[in-house]
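The block underneath contains the structure these notes are about, expressed in structure tokens.
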Amino acid sequence: MLPFDVIRDEADRTLRDLRATGINTQDVALPPVPGTIALRSSGYFNTAGLQVWAQHSTYVANYDKGRGLLILHDLFIESRSLERLRDNIIALSDAVHHAFLTAIAG
21 MLPFDVIRDE
31 ADRTLRDLRA
41 TGINTQDVAL
51 PPVPGTIALR
61 SSGYFNTAGL
71 QVWAQHSTYV
81 ANYDKGRGLL
91 ILHDLFIESR
101 SLERLRDNII
111 ALSDAVHHAF
121 LTAIAG
């Protein structure tokens, strides 16, 4: 059995470690497949004099017979470029999400 509470509590760990602000964590929509969870966290942090938007996605599936799948997907975008790259960010995030859905459906 997956430790869903630990996965949920630690979903924003990367952002907290970066001392990000405005952290928001949400469930990512999944079909009702036992042993799966997907979460996405986002927030802002400063580095080298720049404000950076970060998105950290966690996808976990626990299959029978000790098999499993873990996908950690991170995006880091300098905040001034966020609006210009919005469609690309959505497309990339959606591609990872759809790949996970395909994997758990198979």
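Counting in my numbering, the sequence shown runs from 21 upward without gaps.
Note that CB positions come from ideal geometry on N, CA and C, so glycine has one too.
With distance defined between alpha-carbon atoms, name the residue in the options nearest to residue i.
i, options, result
"V48", "H117, E30, A123, A125", "H117"
"V80", "L112, G55, I43", "G55"
"D94", "G69, D114, E103", "D114"
"L35", "R104, L22, Y64", "Y64"
"A68", "L102, L38, I124", "L38"
"N66", "R60, L59, A74", "A74"
Can you tell me which of the three DSSP states residue i falls into?
i, result
"A127", "Here the chain has residues from 21 to 126 only, and residue 127 is not among them."
"R28", "helix"
"A49", "coil"
"A6", "As shown, the chain starts at 21 and ends at 126. That puts residue 6 outside it, with no answer to give."
"R100", "helix"
"R33", "helix"
Report the rounded CA-to-CA distance for residue i versus residue j, giving the unit in angstroms.
i, j, result
"V72", "D29", "23 Å"
"S99", "T45", "19 Å"
"S62", "D32", "8 Å"
"S77", "G86", "23 Å"
"R106", "F96", "12 Å"
"G126", "L89", "12 Å"
"R104", "L22", "38 Å"
"I124", "N108", "25 Å"
"G42", "L102", "15 Å"
Which word fits residue i, buried or exposed, when buried means at least 16 other C-beta atoms lie within 10 angstroms of its C-beta?
i, result
"R110", "It should be pointed out that residue 110 corresponds to Ile in this sequence rather than to Arg. The residue in question, I110, is exposed, as its Cβ has fewer than 16 Cβ neighbours within 10 Å."
"A119", "exposed"
"L92", "exposed"
"L59", "buried"
Who pairs with residue i in a beta bridge, going by DSSP?
i, result
"F65", "V72"
"R60", "Q46, S77"
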